[in-house]
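A.B. asks:
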Amino acid sequence: TLRAARVKLAYLRMTGNCLAEAFAYGFQVVEQLGETFPATPDNGIIVQEMLGTKQLVTGPLNESKLRNLPEMTDCTKMEAMTFLEEILICSYQSQSLYFPQIACRMVRISVQYGRAKTSC
Numbered sequence: 438t439l440r441a442a443r444v445k446l447a448y449l450r451m452t453g454n455c456l457a458e459a460f461a462y463g464f465q466v467v468e469q470l471g472e473t474f475p476a477t478p479d480n481g482i483i484v485q486e487m488l489g490t491k492q493l494v495t496g497p498l499n500e501s502k503l504r505n506l507p508e509m510t511d512c513t514k515m516e517a518m519t520f521l522e523e524i525l526i527c528s529y530q531s532q533s534l535y536f537p538q539i540a541c542r543m544v545r546i547s548v549q550y551g552r553a554k555t556s557c
């Protein structure tokens with residue numbers, strides 16, 4: 438179940454010495470939830486993702502509109518956001534190049550599907 442997967446991922450992350458395993462497991466779960474990432478972070482993809490996200494939030498959306506997005510109702514995307522948040526923490530702890538890519542993906546999901554608890 439997804440609840441068991443959340444507990445396992447949090448455990449792997451909190452033990453500290455299992456960050457690589459936490460990444461692999463977390464990416465496996467989010468892929469099942471419809472969000473795919475490259476096997477290894479690539480600077481070109483990261484830059485492309487960051488520029489696309491910047492254009493998205495500085496173009497038609499302003500800060501006020503972002504704050505007033507409707508609540509997310511898609512349960513699959515809400516679960517994906519929960520797992521992405523855990524993986525984001527792993528990437529921060531390990532100073533991984535995945536960090537900006539995951540953060541940008543979370544912004545894009547929020548813009549497309551609405552605000553979730555993990556959107557902030």
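When you number the sequence shown by this note's numbering, it's gap-free, plus one each residue, and the end is 557.
Using N, Cα and C, we set each Cβ at its ideal position, and we do this for glycine too.
Compare the beta carbon distance of K514 and Y462 with 8 Å and say whether it is the shorter of the two.
C.D. replies: Cβ distance not < 8 Å, so K514 and Y462 don't count as in contact.
A.B. asks: Just list the alpha helix (DSSP H) runs in the segment 500 to 551, keeping only unbroken ones of 4 residues or longer that don't cross its boundaries, in chain order.
C.D. replies: Runs found: 500 to 504, 512 to 530 and 535 to 550.
A.B. asks: Put T495 into one of helix, strand or coil per three-state DSSP.
C.D. replies: Correct three-state label for T495: helix.
A.B. asks: At a cut of 8 Å, does the segment 506 to 523 reach the segment 459 to 473 through at least three beta carbon pairs?
C.D. replies: As far as the Cβ criterion goes, the segment 506 to 523 touches the segment 459 to 473, which means the pair count is three or higher.
A.B. asks: Do R545 and T477 come within 8 Å of each other at the CB atom, strictly closer than that value?
C.D. replies: For T477 and R545, no; Cβs fall outside 8 Å.
A.B. asks: Where does T452 fall in DSSP's three states?
C.D. replies: T452: helix per DSSP, three-state reduction.
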